[in-house]
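In my numbering, the protein residues as written are 35 to 141.
Single-structure report; data block below.
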């Protein structure tokens, strides 16, 4: 079973009046030996999965997620921690909605 570390609470919106918007995240996903295609299928089946690609010249998958809420993200993290073909998962990119807005614009 792979260990998936919880993300810092600071990535979540601080707006208390509505459910927080979540970040779009990219991960490097390493499969157990000989289980890359199995891992690809498991990742693609997860709710919140946007895309799974195999990296060129490496036995690693690039996994992109987008979840609508903190609760959905936590559920996704729990499912990831139980994937039998997942050896290691590393967060490599995160973009919050407010990072995409010009300075001074409201989200």
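We treat Cβ as the ideally placed atom computed from N, Cα and C, and that holds for glycine.
Residues of its chain near residue 93, where Cβ-Cβ distance is below 8 Å and the 5 sequence neighbours each way are ignored: 64, 65, 70
Per-residue DSSP class, three states only, for residue 101: coil
Whole-angstrom distance between residue 124 and residue 67, CA atom to CA atom: Approximately 17 Å, taken between the alpha carbons.
Considering just the uninterrupted stretch of the beta strand (DSSP E) at residue 62, what are its terminal residues? Going by DSSP, residue 62 is part of the beta strand (DSSP E) stretching over 58-65.
For residue 71, report the span of its alpha helix (DSSP H) as first-last. 70-78
By DSSP's criteria, residue 96 is part of a beta bridge. Which residues make up the other side? Beta-bridge annotation (DSSP): residue 96 is paired with 62, 87.
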